[in-house]
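The structure appears right after this line, and notes come after that.
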Amino acid sequence: MTSEIENIKTRFGEGIFQVAVRNERRVTLTVDKEKIVDIAGYLYHEFHWRFIIASALESNKGIEIFYHFSNDSSGLILNLKVILDKEKTEIESLTCLFEASSWIEREMHEILGINFLHHPNLEKLISDGNWAEGVYPYRKEPS
Amino acid sequence: MSKIIPIGPYHPLQEEPELFKLYCEGEIVKDIKWETGYNHRGIEKLSQSRTFDQVFFLVERICGICSTSHPFAFANCMEEIAGIEVPDRAKYIRTIIAELERIHSHLLWVGLAGHFLGYNTVFMWAWKYREPVLDLFEMITGNRNSYAMFKIGGVRRDIENNKITRIKETLDLVKKKTDLLAGAVMDDPVIHARTKGVGILTKEDIVNYGAVGPVARASGVAIDVRHDDPYAAYPLVNWKVITAQSGDVFAKAEVRLLEMYESISIIDQCLARLKKEKEGETEIVVKEVPEGIGTGHAEAPRGEVFHFVKTDGSNYPVRHKIRAPSYVNIATFRKSCVGQTISDATLSLAAVDPCYCCTERMAYAFDVETGKKIYNGNELLALSQSKTEAIIKRIKTEL
Amino acid sequence: MGFKEYCFKKSLWLFHFGGASCNNCDIEILDCLTPRYDVERFGMQLVGSIRHADVLLVNGSINRRDKARLLDLYHQAPKPILVVAIGACGCTGGIFAEGDTFAGPVDKIIPVDAYIPGCPPKPEAILAGIVKLLNKK
Chain E
610 MTSEIENIKT
620 RFGEGIFQVA
630 VRNERRVTLT
640 VDKEKIVDIA
650 GYLYHEFHWR
660 FIIASALESN
670 KGIEIFYHFS
680 NDSSGLILNL
690 KVILDKEKTE
700 IESLTCLFEA
710 SSWIEREMHE
720 ILGINFLHHP
730 NLEKLISDGN
740 WAEGVYPYRK
750 EPS
Chain S
2 MSKIIPIGPY
12 HPLQEEPELF
22 KLYCEGEIVK
32 DIKWETGYNH
42 RGIEKLSQSR
52 TFDQVFFLVE
62 RICGICSTSH
72 PFAFANCMEE
82 IAGIEVPDRA
92 KYIRTIIAEL
102 ERIHSHLLWV
112 GLAGHFLGYN
122 TVFMWAWKYR
132 EPVLDLFEMI
142 TGNRNSYAMF
152 KIGGVRRDIE
162 NNKITRIKET
172 LDLVKKKTDL
182 LAGAVMDDPV
192 IHARTKGVGI
202 LTKEDIVNYG
212 AVGPVARASG
222 VAIDVRHDDP
232 YAAYPLVNWK
242 VITAQSGDVF
252 AKAEVRLLEM
262 YESISIIDQC
272 LARLKKEKEG
282 ETEIVVKEVP
292 EGIGTGHAEA
302 PRGEVFHFVK
312 TDGSNYPVRH
322 KIRAPSYVNI
332 ATFRKSCVGQ
342 TISDATLSLA
352 AVDPCYCCTE
362 RMAYAFDVET
372 GKKIYNGNEL
382 LALSQSKTEA
392 IIKRIKTEL
Chain C
827 MGFKEYCFKK
837 SLWLFHFGGA
847 SCNNCDIEIL
857 DCLTPRYDVE
867 RFGMQLVGSI
877 RHADVLLVNG
887 SINRRDKARL
897 LDLYHQAPKP
907 ILVVAIGACG
917 CTGGIFAEGD
927 TFAGPVDKII
937 PVDAYIPGCP
947 PKPEAILAGI
957 VKLLNKK
């Protein structure tokens, strides 16, 4: 495990629920959703890691979002995983940190109905004319 | 009075073609907005109903021009989940295919950039010398595009040793013609006048928007997945990451042209190593894929392609997230176009990657108040081309 | 000679509409214009407006958002017009036919005169398709 991961762990001790290290270059941290802006900001401002993209999916535990960061000097990909309650799919937007998350948050809003708080422009991105508002095609069918 | 000039919506790039609305006052672009969704095919959703072997054919058809980079990233991703290492011969073949693709994609871009500038000769020549590269693909894989070469654990077809001579001959030809094109672009005072200082992206912009590929490298941000997180045969051969500092359209052209030489050199080295490997050892059999998550990326001609897959031990992905490079690069238009004239804005849009069809077919300028059409695609292109002509005249008189 | 044959006797001007495509067919259509294939020797030329066109080339799967645009274009086209569906996606929807937003194939939306299959069709196939279309009685 690299020193940066240790650094994050000590700094955000309570906010990190789980650390999964696949190998030197692939690490997944499950973090507290309340702390996501702090942690992402720390990665971006202190380490200058690049935000690649975020992936969202629905699982048994709720709605999971993976924020993928890349450390371009060592090739490390860090996944920050947060789990949202299915009943209350809200999380702070990362657009206050960087523009790169603007589109993907709009997209996740459309496909899974996640509400990004304080996003400047949470309009439709891809769904206009393709599927109706309030339909979330990537959610599992209610059984 | 502000006017809206829509460019789009059919942007022939990756998943999302878009409609750009340029808000103009007079000649100057004041703001830019975009709409997407015209090319949404639901690939991520479709992928969940495909077996891992079938997904390769699906992701190949995300983008026709870089139809190896998506399977490449997906293969990296799946091999990470399965924890396997492909044979050396497969690594070299994968690298050769990816680099050949980079050459044909960059040639395509050079041609289109020439077309935007009003240099149709460059367009015709670049595309003419792109054909031999496509012929190589046809010889190796059986198709000019969409090569179907990748599978989990290796490649589907071998490059037999008797084909190596023909590949080398073609590369020699392409190298000569690249010299010619590079000379034509780098030494031309008109191209300098038209592209230098246009569409500048600073390092801060690149970091803020998370831009990747030649767009980032032209602004002095040396990110290249092949170098940062080496995969396939890239750590086994010698090459360097090309960067430029100025971040304008000229720098982007320079980076792409010089990258072609690196690609040719990479292929040469791979071919030399390929001769030493035993023919036919191109894959290892993968029986099953365990449960887990995987992230894989690869450097496409346009930048980093990123795939994220979650598996549950079955034959299908549970979730497959794909990020194409243009997804982040296109967002930089807000920085590169605002404050420029309309004729430079089209060039700045083209510099990120060609958008031939959209400017050619679908760009119209509407007067906001009357709704009357002002420019259509050809006229917009003509505007850009007439500016080049004016510069030619000026330079001639100065001489 | 009927009216239709009379209309298509001389140089054909093409208008190209790419739906939700992967860009492969678009590039192969453009390839037809470049020195190796050079369709301009037959008087064929890509034009920027549908109002000037004799042939509408459609490629790519058509999603719901594109559908209205394609219909608009067809209504704006001067008649008679020939419609050519290019590529597997244009002909049938191809690999994207099972997608959520698929609204095609093209022949469900507008009448199609010729189909050129392939993924992507080679430039030779596109040329051959158009020649066959012209010789159709």
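Chains as they are written, first to last, in the working numbering: chain E, 610 to 752; chain S, 2 to 400; chain C, 827 to 963.
Here a beta-carbon is modelled for each residue, glycine too, at the ideal position from N, C-alpha and C.
Straight-line Cα distance separating residue j from residue i
i	j	result
isoleucine 375(S)	asparagine 40(S)	Residue confidence is low: isoleucine 375(S) scores 43 on pLDDT, short of 50, so the model does not pin down where it sits. No coordinate-derived value is stated.
glycine 293(S)	proline 190(S)	55 Å
cysteine 833(C)	asparagine 77(S)	54 Å
histidine 901(C)	isoleucine 224(S)	48 Å
lysine 4(S)	isoleucine 343(S)	11 Å
isoleucine 392(S)	phenylalanine 21(S)	27 Å
glutamate 289(S)	isoleucine 662(E)	28 Å
leucine 174(S)	leucine 258(S)	15 Å
alanine 299(S)	arginine 895(C)	35 Å
glutamine 386(S)	alanine 325(S)	30 Å
valine 134(S)	phenylalanine 124(S)	16 Å
leucine 706(E)	histidine 727(E)	12 Å
glycine 919(C)	glycine 930(C)	7 Å
valine 329(S)	cysteine 64(S)	16 Å
isoleucine 700(E)	phenylalanine 725(E)	5 Å
tyrosine 653(E)	serine 612(E)	16 Å
valine 286(S)	aspartate 892(C)	42 Å
valine 938(C)	valine 910(C)	6 Å
valine 306(S)	glycine 198(S)	28 Å
cysteine 945(C)	asparagine 121(S)	28 Å
glycine 684(E)	threonine 296(S)	12 Å
Proximity winner among the options, relative to residue i (alpha-carbon distances)
i	options	result
alanine 140(S)	Met125(S), Lys164(S), Tyr130(S), Gly154(S)	First, the amino acid is wrong: residue 140(S) is methionine here, not alanine. Answer by Cα proximity: Lys164(S).
alanine 212(S)	Leu118(S), Gly248(S), Thr347(S), Glu284(S)	Gly248(S)
phenylalanine 334(S)	Lys34(S), Ile29(S), Asp269(S), Glu28(S)	Lys34(S)
glutamate 81(S)	Arg635(E), Gln627(E), Ile617(E)	Arg635(E)
glycine 738(E)	Asp857(C), Asp926(C), Cys858(C)	Asp926(C)
alanine 217(S)	Arg395(S), Leu348(S), Lys394(S), Gly304(S)	Gly304(S)
serine 264(S)	Gln246(S), Ala301(S), Gly143(S)	Ala301(S)
tryptophan 240(S)	Leu137(S), Ile267(S), Val199(S)	Ile267(S)
glycine 84(S)	Gly154(S), His193(S), Ala351(S)	Gly154(S)
lysine 388(S)	Asp345(S), Glu399(S), Thr244(S)	Asp345(S)
Nonlocal neighbours in the same chain, by C-beta distance under 6 Å from residue i, ignoring five residues either side
i	result
asparagine 680(E)	Trp658
leucine 272(S)	Ile165
glycine 1(S)	Because chain S in this structure spans residues 2 to 400, residue 1(S) falls outside the shown range and cannot be described.
tyrosine 676(E)	Ala663, Leu689
phenylalanine 75(S)	Val60, His308
glycine 869(C)	Ser837
Those residues which DSSP pairs with residue i across a bridge
i	result
alanine 219(S)	Alanine 219(S) pairs with nothing; no bridge assigned.
arginine 324(S)	Phe307(S)
glutamine 871(C)	Trp839(C)
glutamate 701(E)	Leu726(E)
alanine 299(S)	Val306(S)
valine 769(C)	This structure does not reach residue 769(C), given that chain C is present from 827 up to 963, and the question cannot be answered.
Chain-order list of residues whose beta-carbon lies under 7 Å from that of residue i (same chain, five-residue window excluded)
i	result
leucine 734(E)	Trp712, Arg715, Glu716, Glu719
valine 156(S)	Ala91, Ile94, Arg95, Met150, Thr283, Glu284
histidine 228(S)	Val242
lysine 644(E)	Phe621, Gly624
aspartate 857(C)	Tyr863, Pro949
Simplified DSSP assignment, three categories, for residue i
i	result
asparagine 144(S)	coil
phenylalanine 656(E)	coil
glutamate 742(E)	coil
proline 291(S)	coil
tryptophan 35(S)	strand
glycine 913(C)	helix
arginine 635(E)	strand
valine 156(S)	strand
isoleucine 201(S)	coil
isoleucine 692(E)	strand
serine 50(S)	coil
asparagine 889(C)	strand
valine 957(C)	helix
Residues of its chain near residue i, where Cβ-Cβ distance is below 8 Å and the 5 sequence neighbours each way are ignored
i	result
tyrosine 747(E)	Ala665, Leu666, Glu667, Ile720, Leu721
serine 68(S)	Glu61, Arg62, Glu102, Asn146, Ser147, Tyr148
glutamine 49(S)	Tyr317, Pro318, Val319, Arg320, His321
threonine 142(S)	Ile98, Tyr148, Ala149, Met150, Arg158
- Taking any Cβ of chain B, which residues in the region 113-127 of chain S have a Cβ under 7 Å from it, in chain order? Although the question refers to chain B, the structure presented lacks it and instead comprises the protein chains E, S and C.
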